[in-house]
Amino acid sequence: MLKKVSSRSPFPISVAASPWSSQDIGRVAGKRKKDAQAGSVNADRTLSVEFASPDWTAEGLPFGFKNAAGNLALDSERRCLFVGLGTKPTVREYRLAVTNAVREAQKLQASALVLKSLPANVHSMGDLFQEPSVLPSIDVVEKTASFAVTAAYKYTRLRLNKDGGDETKNPMVIFIDSVATDAIARGNIIGGCVNEARSLGNLREDEGSPQLYYEWITKELAPLGVKVRHVLRGEKLRGAGLNLLYNVGKGSRHKPYLVVFEYTGNRHSDEATALVGKG
């Protein structure tokens, strides 16, 4: 089933963020200029993003710009997007800012986006038991990467553009102005996993069957060290006493599955976490 669905159109591939350096702009510009000569794009359109700090003065900001979370202002001369964070940005507000910046850059058909001036005062959400606290800079970099990757996600596997071509052929490249490569890598993994789950959830009703998800688990998770421990299908569910799951599955022409898989992250720890998905 998975092979059949993939042959119809492959799953979207997440755009990964990369660390920014002086060499990257040359590589991007060179690639875009080469593509432009081939006629695929007109010219390089690299944009940068500046996150407005609470202590910035109005002189350094575009006229009329208000530093509220998610607000945007484009400075065409400097090819820069200014993004508001507010006076005391939380993780939720920072995600809104990054998401709006990435999607605005996509609307402007930017070839590359450089996220600069990462904020130093992003706060956790807090709850009834603990006050919000300032996140470490490494965590901010990680969240910047994951937020950017999820913001760039587009589910276009069954859609062509007006010219009949693939919309994802030349995706916008994302860079983060940070040398914390490990944090960026972790953010890419987190964002990529979120996007993969979204792609599985976006499948058509005739595609997202229990069999497909079982095949995806065995194909995609096994190389990551995830072991499939038990698989119960159809009548085996009733034989195991899982009558409710079996009877609910009878409402579909696709036989129900129960898949138990396991991942051991730290072999020296006895702690375990169980996650149960009801489908």
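Straight run, no breaks: the sequence shown in my numbering ends on number 1378.
We put the beta carbon where it would ideally sit given N, CA and C, even for glycine.
A quick note: this is a predicted structure, and the numbers were derived from the prediction, not measured.
Which listed residue (the options) has its alpha carbon closest to that of residue i
| i | options | result |
| --- | --- | --- |
| lysine 1354 | Val1375, Tyr1193, Val1330, Ile1316 | Val1330 |
| threonine 1186 | Pro1309, Asn1199, Glu1203, Ala1168 | Ala1168 |
| serine 1277 | Ser1117, Asn1346, Val1375, Gly1338 | Ser1117 |
| alanine 1279 | Asn1269, Gly1348, Phe1150, Glu1241 | Glu1241 |
| arginine 1177 | Leu1184, Leu1146, Gly1183, Arg1328 | Leu1146 |
| leucine 1171 | Arg1144, Ala1200, Lys1103 | Ala1200 |
| proline 1109 | Val1190, Leu1227, Ala1282, Leu1299 | Leu1299 |
| glycine 1348 | Gln1310, Met1100, Pro1270, Ser1113 | Gln1310 |
| threonine 1243 | Asn1342, Tyr1193, Leu1344 | Tyr1193 |
| aspartate 1226 | Leu1195, Thr1189, Asn1342, Gly1324 | Thr1189 |
| arginine 1332 | Glu1203, Tyr1345, Asn1269, Leu1195 | Tyr1345 |
Euclidean distance between Cα positions of residue i and residue j
| i | j | result |
| --- | --- | --- |
| aspartate 1305 | serine 1351 | 11 Å |
| alanine 1231 | valine 1239 | For the record, residue 1231 in the displayed sequence is proline; it is not alanine. About 15 Å. |
| serine 1308 | asparagine 1287 | 28 Å |
| glutamate 1361 | lysine 1318 | 14 Å |
| leucine 1357 | phenylalanine 1150 | 46 Å |
| glutamate 1295 | threonine 1372 | 22 Å |
| proline 1161 | proline 1153 | 15 Å |
| valine 1359 | valine 1327 | 6 Å |
| methionine 1224 | lysine 1335 | 45 Å |
| alanine 1321 | tyrosine 1312 | 13 Å |
| arginine 1337 | glutamate 1314 | 22 Å |
| alanine 1339 | proline 1111 | 37 Å |
| serine 1368 | serine 1175 | 54 Å |
| lysine 1165 | valine 1182 | 9 Å |
| phenylalanine 1228 | arginine 1256 | 44 Å |
| lysine 1253 | leucine 1184 | 25 Å |
| aspartate 1134 | tryptophan 1119 | Confidence in aspartate 1134 is poor, its pLDDT being 45 and thus under 50, which makes the residue's placement unreliable; the coordinate value appears in the next sentence. Going from the Cα of aspartate 1134 to the Cα of tryptophan 1119 covers about 21 Å. |
| isoleucine 1316 | valine 1293 | 15 Å |
| arginine 1297 | valine 1248 | 13 Å |
| leucine 1234 | aspartate 1281 | 17 Å |
| leucine 1374 | leucine 1173 | 44 Å |
| asparagine 1342 | glycine 1376 | 17 Å |
| leucine 1323 | arginine 1366 | 15 Å |
Cβ separation of residue i and residue j, assumed to be a contact under 8 Å, to the nearest whole Å
| i | j | result |
| --- | --- | --- |
| leucine 1379 | valine 1221 | The chain is shown from 1100 up to 1378; residue 1379 falls before or after that span and cannot be answered. |
| valine 1197 | alanine 1250 | 6 Å |
| leucine 1214 | isoleucine 1275 | 5 Å |
| serine 1236 | alanine 1219 | 7 Å |
| serine 1095 | glycine 1291 | Since the first residue shown for the chain is 1100 and the last is 1378, residue 1095 is missing from the structure and cannot be characterised. |
| glutamine 1208 | arginine 1144 | 6 Å |
| methionine 1271 | glutamine 1205 | 6 Å |
| leucine 1212 | isoleucine 1273 | 5 Å |
Per-residue DSSP class, three states only, for residue i
| i | result |
| --- | --- |
| glutamine 1136 | Any reading at glutamine 1136 must be qualified, since the residue scores a pLDDT of 39, below 50, and its modelled position is unreliable; the value itself is stated next. The answer is helix: DSSP assigns glutamine 1136 an H, G or I state. |
| serine 1152 | coil |
| isoleucine 1112 | coil |
| lysine 1103 | helix |
| valine 1358 | strand |
| proline 1322 | helix |
| alanine 1200 | helix |
| phenylalanine 1246 | helix |
| lysine 1253 | coil |
| aspartate 1369 | coil |
| aspartate 1281 | helix |
| threonine 1317 | helix |
| aspartate 1238 | helix |
| proline 1118 | strand |
| lysine 1215 | strand |
| valine 1190 | helix |
| serine 1147 | strand |
| alanine 1296 | helix |
| leucine 1207 | coil |
| valine 1221 | coil |
| leucine 1374 | coil |
| arginine 1332 | strand |
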